[in-house]
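Be aware that the sequence shown starts at 2, since it is given in our numbering, and climbs by one per residue. Here a beta-carbon is modelled for each residue, glycine too, at the ideal position from N, C-alpha and C. None of the values given here were measured: they were computed from a predicted structure. Below is one structure, written out as structure tokens; the observations come after it.
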Amino acid sequence: MIKIELNAMDCAVKTKEVTSKSTGEILHFREQKAYIYNGGIYPKQFMIGLEREQAEYPAGFYTLSEDSFDVGDFGALKFARNIKLIPIDKKQTN
């Protein structure tokens, strides 16, 4: 199972503003810092993008939802545009 942690010390939602070159519109991107345990000694940090009205994920341990994966144009497995997290039962995090 893939284990992802959102740590209470640094999982607050951050918003980025970017101006579209083509339209001049200001775009807002919301994200949270997370850590993935992928077999190494230490977890690796990454950012989880949030939808416009999506509630932030509370601190805790998660795994990836099946909706987080997609198949690309040439049949290769890839991540979906926005990954979705599912809370892990505390007994499974050890």
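_Which listed residue (Ser66, Glu67, Ala81) has its alpha carbon closest to that of Gly73_ = Counting from 1 along the sequence shown, the entry for residue 73 is found at position 72. Among Ser66, Glu67, Ala81, the Cα nearest to that of Gly73 is on Ala81.
*Give the C-beta separation of Ile89 and Tyr63 to the nearest angstrom, bearing in mind that I take them to be a contact with Cβ-Cβ under 8 Å.*
For the purposes of this step, residue 89 is identified with residue 88 of the sequence shown, where counting begins at 1. For the purposes of this step, residue 63 is identified with residue 62 of the sequence shown, where counting begins at 1. Confirmed, about 6 Å.
*Looking at the unbroken beta strand (DSSP E) that takes in Tyr43, where does it start and where does it end?*
The residue labelled residue 43 in the question sits at position 42 within the sequence shown. No beta strand (DSSP E) holds Tyr43; DSSP gives it neither H nor E.
_Please list the terminal residues of the continuous beta strand (DSSP E) segment that includes Met19._
Position 18 of the sequence shown holds residue 19. The sequence shown places Val at residue 19, rather than the Met named in the question. Residues 15 to 20.
*Is the beta carbon of Glu18 sitting closer than 7 Å to the one on Ile27?*
Reading the sequence shown from its first residue, position 17 is the one you call residue 18. Reading the sequence shown from its first residue, position 26 is the one you call residue 27. Their beta carbons are under 7 Å apart, which means Glu18 touches Ile27 by this criterion.
*Please determine, among Asn39, Pro44, Leu78, the residue with the shortest C-alpha to C-alpha distance to Asp68.*
Walking along the sequence shown from the start, residue 68 turns up at place 67. Out of Asn39, Pro44, Leu78, Leu78 has the C-alpha closest to the C-alpha of Asp68.
*Taking Cβ to Cβ, would you say Gln1 is nearer than 7 Å to Tyr36?*
For residue 1 there is no data in the structure shown, the boundaries of the chain being 2 and 95.
*asked:* Between the alpha carbons of Glu32 and Ile84, how many angstroms are there, rounded?
replied: Within the sequence shown, residue 32 is the residue found at index 31, counting from 1. Within the sequence shown, residue 84 is the residue found at index 83, counting from 1. C-alpha separation (whole angstroms): 11 Å.
*Looking only at C-alpha atoms, which of Gly25, Gly61, Leu86, Asp71 sits nearest to Ala9?*
Position 8 of the sequence shown, counting from 1, holds the residue named residue 9. Nearest of Gly25, Gly61, Leu86, Asp71 to Ala9, Cα basis: Gly61.
*asked:* Quick check: what's the CA-CA separation for Val14 versus Phe75?
replied: Here residue 14 refers to the residue found at position 13 when the sequence shown is read from its first residue. Here residue 75 refers to the residue found at position 74 when the sequence shown is read from its first residue. Their Cα atoms are separated by approximately 34 Å.
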